[in-house]
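Residues 1 to 451 in UniProt numbering are what the sequence shown spells out, letter by letter. For every residue, glycine included, the Cβ atom is placed at its ideal position computed from N, Cα and C. This structure is a prediction, so every number in the text was calculated from the model and none was measured.
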Amino acid sequence: MAEKLIVIGGTAAGLSAASRARKEKPDMEIQVFEKSGFVSYGACGLPYFVGGLIHDINDLVAINAESLKNMRNISAWIHHEVLLIDPEKKEVSVKNLDTDQVSIHSYDKLVIATGAVPVVPPIPGIHSDGVYYLRNMEDGIRLKAAAREHGRVCIIGGGAIGLEAAEELRNAGLSVSVYEQFPRLLPFLDNAFSQALEDTLIKHGINVHTGTQIAEILSENGKASGIRTAFGEIEPSDIILVSAGVKPAGALAEQAGLALGLKGGIIVDDEMRTSHKDIWACGDCVQMKNRITGKPAYVPLGTTANKQGRIAGGNVAGGHDTFKGILGSMVTKVFELFIAATGLSKEQAAGEGYDAISVSITKADRASYYPGGRDNHICLIVDKKTGRLLGAQGIGSESIAGRINVLATAITCGMTVEEINELDLVYAPPAAPVYDPILIAANQAMKKITE
């Protein structure tokens, strides 16, 4: 009799797990339950759909439920929500959201890939009509429809998704204001980098309010009509977009008695197995491990979800692959400015007990005489005692992503700035300067260590 695998959640981690399990065990019976109307889609592309850069939301879908069945023999059920996990009976209760019918399904192995849910700030009026989030496809469809009908939007939260949405909504012709409770946008960034980001937004007509808490979402007849800040300032608005971060969707796991950790994320071992021997978990619903400190971390990213899903799926099928941790490597674009980071910030490194120093440099991304060049600004965070690279940040042209990827590799390999300074990097006038910004930054860090 074929072994039965049930996967709860049909996006990045869940579909990666199901697909890997199918590859490793062609005879396994695999069912995926997804409560939304879509599977296997690129949620990170939602801001670009909302703003009109991506015209058809189906372009974000990698593979639909019908194709999963026909091409991979995976049964994916959309609009099906798992209500209950019974680990002792090895059963899940599933509700068909179209018919309200509840059915019981048995499994031999279970993968939980429920993802994350938006953080809902405790702001009066937060549940009014006209308050939106941007987490799934349905969110994107609703927000785009609203943006077509209205002209003003207030965004609560200055994280990556909120800022990407700010750009796209501004490009679509809306008046946009961003409110961030911390003193600066993307507060893990170097101060100068964060200021450059704010300046870019302001240059393109976006109102930026940092160090500002929202005291109330105003409404008229149950419909959001604006915001009131803790300073008493009022801004009318047709749309309120909440982008205050996410947290693990761990309610099902908690009900099943699984061990939970940081922020309610499911605790897993290196093989993505939970505290129950026949249940694995992966993606934004799990507690992660920082690769530098070895401590629990929670940095939900699509890259991590896909990798963890692939590992969980392989191990469900009998493998023993391991996931060794994260650096939190990220990149985003706001208008012409690309922002990327990996590893620890200086503040985080100091908080972990490192004698952390930082150096910042500015260098053109190609030969100075070659047309079209732009400055790359790079900041390295280094352990002064050992010279080991702990973190890196950069802003500038599109090429900053590749340079931060190089530095993420260096952190993963435990390299010192002296070793980074000796890297044999490429050079050609249209692509890179003869002395790469990475090498200049490493050289400056070496000098600062010896001061």
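In this structure, V242 sits near I126, with a CB-CB distance shorter than 9 Å.
Considering only D100, D98, I78, V111, the residue with the shortest C-alpha distance to V92 is V111.
Taking 8 Å as the upper bound for CB-CB distance, A21 and G313 are in contact here, some 4 Å apart. When the five nearest sequence neighbours on each side are left out, the beta carbons in the same chain lying within less than 7 Å of the beta carbon of A215 are those of R228, T229, A230, in order along the chain. Distance check between M137 and each of S36, L186, N73, S194 places S36 closest, using alpha-carbon atoms only. The beta-carbon distance between M446 and E418, rounded to whole angstroms, is 6 Å. This is short enough to meet the 8 Å contact definition. Contact between the region 341-348 and the region 182-195 is present: three or more C-beta pairs spanning the two stretches fall below 8 Å. Counting of Cβ neighbours within 10 angstroms places L53 among the exposed residues, the total staying below 16. Contact annotation: the region 9-29 touches the region 38-54, with at least three C-beta pairs closer than 8 Å. E138 sits in a helix when the DSSP states are folded into three classes.
When secondary structure is reduced to three states using DSSP, V120 falls in the coil class, being assigned neither helix nor strand. Collapsing the DSSP output to three states places E254 in a helix. One Cα belongs to S368, the other to I311, and the distance between them is close to 44 Å.
In this structure, the beta-carbon distance from Q255 to I85 falls below 9 Å. Bounds of the beta strand (DSSP E) holding D375 are 375-383. Here K90 has S106, Y107, D108, L110, D278 as same chain residues with Cβ atoms under 8 Å from its own Cβ, once five neighbours each way along the sequence are excluded.
For A65, the closest C-alpha among the options N58, I57, I74 is that of I74. If one requires a minimum length of 3 residues, the beta strand (DSSP E) runs lying completely within the region 361-425 are 375-383, 389-396, in chain order.
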